[in-house]
Amino acid sequence: MNLSSEYDKILPGVKKLEKQKTSLGLWLQVRMKIFNVIQLFDSLK
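Mind the numbering: the sequence shown is residues 1 to 45 in the UniProt record's numbering, read in order.
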């Protein structure tokens, strides 16, 4: 699995969120995405 491509998917969304006034709901969505990526890394070990 190409980690750089995964980061390329995540980073544009994070940058868009930073430009907006982020609501708690959006922040929680980002947290869940980050958590899913961490779980993915753990499953690859």
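Heads up, the beta-carbon is just placed ideally off N, CA and C, and yes, glycines get one too. No experiment lies behind these values; they were computed from the predicted model shown.
- prompt: Taking just the CA atoms, how far does Phe35 sit from Ser4?
  reply: 17 Å
query: Is the beta carbon of Ile10 less than 8 Å from the beta carbon of Lys33?
result: yes
task: Look up Lys45 in the DSSP assignment and say whether it is helix, strand or coil.
output: coil
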